[in-house]
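Notes for the one structure printed next.
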Amino acid sequence: METDSSGVVWTNCGRACPKRQRPTGGGAILRLHNSMSRRLEELRPLQPGRVTIYTCGPTVYDRAHIGNFRTFLWEDLLRRYLRWKGYQVTQVMNLTDVDDRTINAALESGADLAATTGPVIEAFAEDWGTLGLEEPEYRPRATEHVDGMVSLVERLTERGLAYERDGSVYFAISRQAGYGQLAGIDLSAGPAPAGAQRAFEAAADEEYDKEDARDFVLWKGGARGEQAAGAVWDSPWGPGRPGWHLECSAMAMEYLGDTLDIHAGGVDNLFPHHTNEIAQSEGATGKIFARMWLHAAHLQVEGEKMSKSLGNCYTIPDLLDRGLRPSSLRYLLLSGHYRTRLNFTFAGVEAAAKSVDRIHQLRRRVCEALDAATGKDESPPGASSALEEAVARARRDFETAMDDDLNVSQALAAVFGVVREANQALTAAGSGDSRAAELRATLAFLDDFDRVWGVLALRDSEGTETDGDLEAWAVARAEARLKARADRDWATADAIREELQTRGIAVEDSPGGTRMLIGSNTVTVAAGD
RNA sequence: GGCGCCGUGGCCGAGUGGCUAGGCAGGGGCCUGCAAAGCCCCCUACUCCGGUUCGAAUCCGGACGGCGCCUCCA
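The numbering used here puts the first residue of the first sequence at 11, with every later residue one more than the last.
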């Protein structure tokens with residue numbers, strides 16, 4: 011804690027919430043739901059201690075919305091949890107910067123592809139940082155990997171799984187045994203189920219001349235509108251551009267090898283995208299492409315499907331403009347199980363904010379008590395207090411819950427158990443008497459939790475941008491109020507408090523002075539002496 | 001049409017064949033000059049109807065209700 015000349019004490023609890031990762035887990039095995047087998051499976055990485063993950067990234071034709079971020083945040087949680095457990099994680103998240111939508115966006119704006127996607131990518135990076143996501147090891151762009159895609163198509167052609175028609179190349183699904191397993195499509199069992207059949211028919215593109223309407227395009231020949239957008243590449247089949255699914259196969263294998271441990275994305279990608287990625291990759295290598303497929307359910311908004319017509323496809327800036335905090339958004343979007351549809355509501359954000367604050371508040375309280383308790387650790391070595399035991403139990407419960415297919419609800423329950431126990435201990439002991447050992451254990455637990463959740467650090471960082479004038483004014487008023495209180499002039503003191511509260515500042519008195527929550531910043535004005 | 005999901009207390013949201021999470025909100029109390037924060041107590045639920053069982057909200061069947069996906073939407 012630092013006190014400046016004006017007597018203002020800056021406490022974002024003194025100790026910054028650590029963002030650094032280090033192994034913590036107890037070595038139990040993580041079980042995840044593999045969409046391929048449709049059951050929980052133990053994560054057994056190809057190389058012990060090292061996990062490779064490919065996560066489908068955004069198509070950068072427009073700013074990502076909260077639905078996208080629900081999925082990305084879940085993947086971030088998975089990534090952080092794996093690291094928490096001690097795995098070395100290599101994650102790839104691509105940027106799809108060439109496809110129908112990006113090209114259309116470019117054509118509409120009259121700019122070329124790169125000029126169109128560039129700003130969207132920048133915005134994406136900004137939102138990514140706002141929500142406190144960790145940076146993946148690789149973030150390749152489709153447009154920079156066209157060569158790899160072309161050679162992948164060549165390999166498929168050599169193996170007889172693909173054929174060319176008028177400069178386009180298609181994947182012949184009927185020539186591949188086991189096509190469609192991920193989506194539950196079984197071609198060998200006679201005609202495809204009506205549903206899949208319909209999906210196939212719908213996917214059939216009249217524009218192209220396929221052997222089988224269900225075949226999908228690997229390379230789109232020609233240069234119709236693409237030319238204007240600068241989205242045309244040379245290939246052995248003439249000018250064209252890659253098919254949608256191709257990029258992920260090519261980039262995943264380039265960075266992570268022929269076989270990945272985990273491939274993750276939104277449920278909507280199960281078919282056709284992931285199904286076709288498997289077809290391409292395994293068709294080319296003859297090896298298993300991904301050992302585990304994870305899919306996140308979609309986000310709803312106020313109980314409704316997100317759609318442009320409803321105007322509920324919120325972006326991160328939309329929500330920040332409404333005064334919502336990144337930490338609240340992050341918490342809310344992480345607080346539902348990833349395979350369950352999550353309903354985003356503004357009431358939910360409010361509750362999330364309170365939940366974050368409850369944990370964050372405890373952390374601050376522990377830090378303050380720890381400062382006060384330094385040197386007062388008289389507990390005999392080896393003896394552990396009820397709180398220390400509660401913390402140890404919570405740590406185990408947290409890991410058990412997360413190991414069970416990332417059961418975030420139960421994991422959070424373990425955290426709130428510590429919040430209650432620690433508050434109890436602090437209330438009972440009075441801030442000065444709590445033993446340092448149990449406080450340190452509690453603090454370590456909270457920070458440990460946050461290595462996975464990343465919400466306390468985010469909450470801390472939100473304190474940085476504040477209105478200096480408002481703050482100076484508030485400090486002055488708080489000082490006046492402290493004088494009034496010292497004079498037992500309650501009427502004046504209460505009036506000032508209302509004044510502060512009217513400006514949205516939360517006021518909290520303590521024996522040492524007055525603490526105010528201004529925006530996201532906590533400012534403490536010490537009582538004069 | 002096909003595939004699939006869900007129905008838990010005011011709201012959100014886990015979970016288990018019997019030991020009845022957690023958060024938010026609400027009520028009462030403690031603390032406080034009054035508040036706030038925190039603590040304690042209360043509000044103890046599982047759509048309905050059958051069945052299995054010593055015992056089901058948890059298993060089975062049915063009904064009703066809500067919903068998702070099935071063209072490049074995470």
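Beta carbons are placed, not taken as given, at the ideal position from N, Cα and C, and that holds for glycine.
Where does residue i land, buried or exposed, given buried means 16+ other C-beta within 10 angstroms?
i                 : result
phenylalanine 356 : exposed
glycine 478       : exposed
serine 365        : buried
glutamate 448     : buried
valine 533        : buried
glutamate 312     : exposed
serine 161        : exposed
threonine 62      : buried
serine 319        : exposed
serine 338        : buried
arginine 375      : buried
arginine 90       : buried
threonine 167     : buried
glycine 188       : exposed
threonine 437     : exposed
threonine 69      : buried
Report the rounded CA-to-CA distance for residue i versus residue j, giving the unit in angstroms.
i              : j                : result
asparagine 322 : alanine 241      : 31 Å
isoleucine 528 : leucine 453      : 24 Å
glycine 205    : isoleucine 76    : Because glycine 205 carries a pLDDT of 44, less than 50, the predicted location of this residue cannot be relied on, and no value is offered for it.
aspartate 415  : methionine 302   : 13 Å
methionine 159 : alanine 294      : 11 Å
leucine 50     : proline 521      : 53 Å
glutamine 101  : aspartate 458    : 21 Å
glutamate 154  : alanine 260      : 11 Å
aspartate 271  : arginine 151     : 21 Å
glutamate 52   : aspartate 413    : 9 Å
isoleucine 326 : arginine 48      : 33 Å
aspartate 225  : lysine 297       : 21 Å
arginine 165   : glutamate 287    : 14 Å
aspartate 86   : phenylalanine 79 : 10 Å
arginine 487   : alanine 537      : 13 Å
aspartate 278  : valine 108       : 19 Å
leucine 56     : arginine 149     : 22 Å
aspartate 519  : leucine 352      : 38 Å
tryptophan 254 : arginine 340     : 30 Å
alanine 74     : threonine 106    : 12 Å
methionine 526 : glycine 514      : 10 Å
Out of the options, which has the shortest C-alpha to C-alpha gap to residue i?
i             : options                           : result
glycine 142   : Ala501, Phe134 and Ala223         : Phe134
leucine 334   : Met159, Asp107 and Ala363         : Ala363
isoleucine 39 : Thr532, Glu409, Val366 and Ser530 : Glu409
threonine 285 : Gly190, Val462 and Asn531         : Gly190
leucine 46    : Gln57, Leu280 and Arg149          : Residue identity check: residue 46 is methionine in the sequence provided, not leucine. Out of Gln57, Leu280 and Arg149, Leu280 has the C-alpha closest to the C-alpha of methionine 46.
histidine 283 : Leu192, Leu166 and Glu118         : Leu192
threonine 81  : Val163, Gly275, Ala379 and Glu360 : Gly275
leucine 117   : Gly235, Ala423, Tyr148 and Tyr180 : Gly235
glycine 523   : Ala439, Ile506, Asn44 and Val535  : Val535
threonine 112 : Ala239, Arg41, Ala486 and Lys220  : Ala239
valine 359    : Leu422, Lys297 and Pro336         : Pro336
lysine 220    : Ala172, Val130, Gln511 and Trp138 : Ala172
leucine 92    : Asp122, Gly59, Leu105 and Ser419  : Gly59
aspartate 381 : Arg445, Arg349, Ala400 and Ile369 : Arg445
histidine 370 : Thr65, Asn531 and Thr140          : Asn531
valine 401    : Glu378, Gly120 and Ala435         : Ala435
Check the DSSP bridge columns for residue i and list the partner residues they point to.
i                 : result
glutamine 310     : Lys315 and Asn353
tryptophan 84     : In DSSP, tryptophan 84 forms no bridge with anything.
tyrosine 563      : For residue 563 there is no data in the structure shown, the boundaries of the chain being 11 and 539.
aspartate 414     : Arg41
leucine 304       : Ala274
alanine 516       : Leu527
phenylalanine 181 : Ala172 and Phe226
proline 68        : The partner list for proline 68 (beta bridge, DSSP) is empty, contrary to what the question assumes.
threonine 62      : Thr100
glutamine 420     : Paired residues: none, contrary to the question.
tryptophan 243    : Gly250
Is it true that the stretch 239-249 meets the stretch 216-231, where meeting means three or more beta-carbon pairs spaced less than 8 Å apart?
-> Yes, the stretch 239-249 is in contact with the stretch 216-231.
At a cut of 8 Å, does the stretch 92-100 reach the stretch 335-352 through at least three beta carbon pairs?
-> Touching, no.
Does the stretch 423-437 come within contact of the stretch 451-470, defined as at least 3 CB pairs closer than 8 Å?
-> Yes: the two stretches touch, three or more of their Cβ pairs being nearer than 8 Å.
Looking at C-beta atoms only, is the number of pairs between the stretch 259-268 and the stretch 170-180 that lie closer than 8 Å three or more?
-> Touching, no.
At least 3 beta-carbon pairs within less than 8 Å: the stretch 479-488 vs the stretch 463-471 | Not touching, per the Cβ criterion.
Assess, as a yes-or-no matter, whether the stretch 303-310 is touched by the stretch 489-507 under the definition of 3 or more beta carbon pairs within less than 8 Å.
-> With the rule of 3 Cβ pairs closer than 8 Å, the stretch 489-507 does not count as touching the stretch 303-310.
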